[in-house]
Every structure is written in C-alpha cells, then in structure tokens.
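Student: Numbering-wise, the sequence shown is residues 839 to 1068 according to my numbering. Think of the CB as a built atom: it goes at the ideal place given N, C-alpha and C, for glycine as much as any other residue. A single structure is presented below for examination.
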Amino acid sequence: MERITQRIDPKAIVRDGYNACADVYAPRRAEDDADQIIPLLGVLPEGSAVLDLGCGAGVPIARALSERYRVTGVDISEAMVRLAEVNVPEARFELGDVSGLVLAENAYDAVVAIFMLFHLPRDEHGRLFERVWAWLRPGGYFLVSLTKDRTEPYIKHDFFGNDMYWSKLSFSDTMELLEGVGFEIVRERILGHGYGEQYVEKDEQHPLTLVRKPPAATAAPTPNEASNVV
Ligand SMILES: C[S@@+](CC[C@H](N)C(=O)[O-])C[C@H]1O[C@@H](n2cnc3c(N)ncnc32)[C@H](O)[C@@H]1O
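In structure tokens form, the structure reads like this:
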C-alpha cells in the first residue's frame, strides 16, 4: 500500500486500472451471487428505471437487475462499458465519471452503486449522494455498498496486476452523510468480497445499505454540515 504524497489523478488511475484488467476481472466478478443484493430492490415494481453507478462489466449486477427493470449503467472504464454492452444487451450503458454525470431530476426509481464508492475520492461522496437524491423520484431507493473503516486515500499495486486507487470513509461517517442529505435507512446487510465462493482466503466485509428518498420529498436539499465530512 502506498500513501499518497504527491499530486495524482485518482480517476485516471481507476480508469486505467480497470481498462487493463477488465478481461480478467469480469469473469471472476461474474461468479458472485447477485441474489444477495437484488432482493433488497424487490420492493420495486417490474419495469422500474434503475441507474447502476460504476456498473463494471454488467455481471452479475446489471444483468440480474435487467431481468425485472430498465437499467442504465455508467462506468468510467471504456473496457468495462464495452464488456457490459455485450454481457447485458438489454440494458443501456454510458461512459463517464459518476461525479460529472448530468441526468434528469426525479427520473429514476432506484440507483445502485455496488463496490464503487471506495474508488471515488471521499471528498466527493457527499456531493454524489446529493446528486443521487436529485436523480431519484420521491420514494425512490438508493442501494449502496460502503466501507467499514476510514483510511487515508492510498494506491495499491496488486489489483489484478495493476495500480488501483482507494478512498474510504467509515461506515458511520457515510451514514451521517446519507442521513444529512435526507435519506431514510430501510435495510442493511453485509456483503463479502464479491468474487464467488472459491476465494475463501479473502476475508472482506462490505456493509450494503438500502436507503430511501422519502415519498413526500420535493426539492433537492441544500448542502449542510454533514456534507463536509471527509
Ligand atoms: C469493483 S468494480 C464493481 C463493478 C460493479 N458495480 C459490480 O458490482 O460488479 C468498480 C467499478 O466502478 C467503476 N468506477 C470507479 N470509479 C468510477 C467513477 N468515478 N465513475 C464511474 N465509474 C467508476 C470502475 O471502472 C469499475 O468498473
């Protein structure tokens, strides 16, 4: 692990890392069981509009979501988007940084972000939550995997043989941000490492949280103190 001591471009490191490993990463990720994630969205009627932030190669998440919902996936890696288009032809995919997305307000019934937030600089997390709130219709859901512990941003050189950037807030800091934006907590559970059963040596725990924009919510919230937790 390398502590960051000089100016770097985190987005370029993430994009280049996934571009380089997409063909190796995608089949391993595809072995994971999306069933432990999707039931959390079983509350949504069929045909609902779902936005998948950091959708990767579309397997297993966008593929499973597409069995019931109209899915739009967004990812910063060209190679991942290309794979997603092949893996899940019924969904729509776009290349982009989730922090720079311009989308219609009140347009989505749910937004999901699975194993993505830890690649986003943590001072962007609060702003992303505010934007997710704006994209969701009142009563819409946000399903997001979080991290347990806060760490200083770091680069590790072992992500499928490539550099990768990580930036993590503690679980409680992130929940504070989500609640500060106005989200209501619906359900929580713990996810494992995300690569299927045979990788038992990887002992990871990722809190998975389902929150909701209250049905009566109208305007986007004004930034508050909670948004400044970094
Ligand atoms: C660990 S993979 C998870 C992919 C997918 N969500 C899944 O569960 O299989 C993280 C994905 O997030 C994407 N990503 C990371 N930072 C991003 C950003 N700022 N904007 C868009 N995509 C991003 C990466 O390119 C990568 O495909």
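For A1054, which residues of its own chain have a beta-carbon under 8 Å away from its beta-carbon, when the five flanking residues on both sides are left out?
Tutor: Same-chain partners within the cutoff: P976.
Student: Can you say whether V924 is buried or exposed, counting buried as having 16 or more other CB atoms within 10 angstroms of its CB?
Tutor: Answer is exposed; the Cβ neighbour count stays below 16.
Student: Any idea what DSSP makes of V897, helix, strand or coil?
Tutor: V897 falls in the coil class under three-state DSSP.
Student: From this set, A929, K994, R908, G964, which residue's C-alpha is nearest S886's C-alpha?
Tutor: Here the closest residue by C-alpha is R908.
Student: Contact between the region 863 to 878 and the region 934 to 945: three or more CB pairs below 8 Å?
Tutor: Judged by Cβ distances under 8 Å, the region 863 to 878 makes no contact with the region 934 to 945, as fewer than three pairs qualify.
Student: Would you mind stating whether Y863 and F998 have Cβ atoms separated by less than 7 Å?
Tutor: For Y863 and F998, yes; Cβs fall inside 7 Å.
Student: Can you tell me whether V926 is buried or exposed? The criterion is at least 16 other CB atoms within 10 Å of its CB, across all chains shown.
Tutor: Buried, since its Cβ has 16 or more Cβ neighbours within 10 Å.
Student: Going by DSSP, what residues sit across from D913 in a beta bridge?
Tutor: According to DSSP, which records beta bridges pairwise, D913 is partnered with L933.
Student: Beta-carbon within less than 7 Å of V897's beta-carbon, same chain only, minus the 5 sequence neighbours each way: which residues are those?
Tutor: Excluding positions up to five away in sequence, the list reads A864, R867, A868, N925.
Student: Give a single yes or no on whether F953 has its beta carbon closer than 6 Å to a heavy atom of ligand 1.
Tutor: Yes - ligand 1 has a heavy atom lying nearer than 6 Å to the Cβ of F953.
Student: Can you tell me where the alpha helix (DSSP H) holding P848 begins and where it ends?
Tutor: 848 to 868 is the span of the alpha helix (DSSP H), which, as asked, contains P848.
Student: Near E884, what residues of its chain come up, given a Cβ to Cβ distance below 6 Å and the 5 sequence neighbours on each side ignored?
Tutor: Once the five neighbours on either side are set aside, the close Cβ partners of E884 are R906.
Student: Indicate the three-state DSSP secondary structure (helix, strand or coil) for L903 in the structure shown.
Tutor: Of the three classes helix, strand and coil, the one that applies to L903 here is helix, per DSSP.
Student: Can you say whether R841 is buried or exposed, counting buried as having 16 or more other CB atoms within 10 angstroms of its CB?
Tutor: Under this definition R841 is an exposed residue.
Student: Using the three-state DSSP reduction, which class does P1061 fall into: helix, strand or coil?
Tutor: Because P1061 sits at a pLDDT of 48, beneath the cut-off of 50, its placement in the model cannot be relied upon, and the following sentence gives the value as read from the coordinates. Of the three classes helix, strand and coil, the one that applies to P1061 here is coil, per DSSP.
Student: Threshold first: 4 residues or longer. Then list the alpha helix (DSSP H) segments lying entirely within the region 981 to 1048, N to C.
Tutor: Listed in chain order, the complete alpha helix (DSSP H) runs (minimum 4 residues) inside the region 981 to 1048 are 1009 to 1019.
Student: Provide the residue(s) that pair with L889 in DSSP beta bridges, ordered along the chain.
Tutor: Paired residue(s): T910, V949.
Student: Under 7 Å between the Cβ atoms of L1007 and R1027?
Tutor: Taking 7 Å as the Cβ cut-off, L1007 and R1027 do not qualify as a contacting pair.
Student: State the Cα-Cα distance for the pair L808 and A850, rounded to the nearest angstrom.
Tutor: Residue 808 falls outside the range modelled here, since the chain spans only 839 to 1068, and no answer is possible.
Student: Using a Cβ-based criterion (distance less than 6 Å to any ligand heavy atom), does L958 qualify as near ligand 1?
Tutor: L958 Cβ: within cutoff of ligand 1.
Student: Tell me where the alpha helix (DSSP H) around L814 begins and ends.
Tutor: The requested residue 814 is not part of the displayed model; the chain covers only 839 to 1068.
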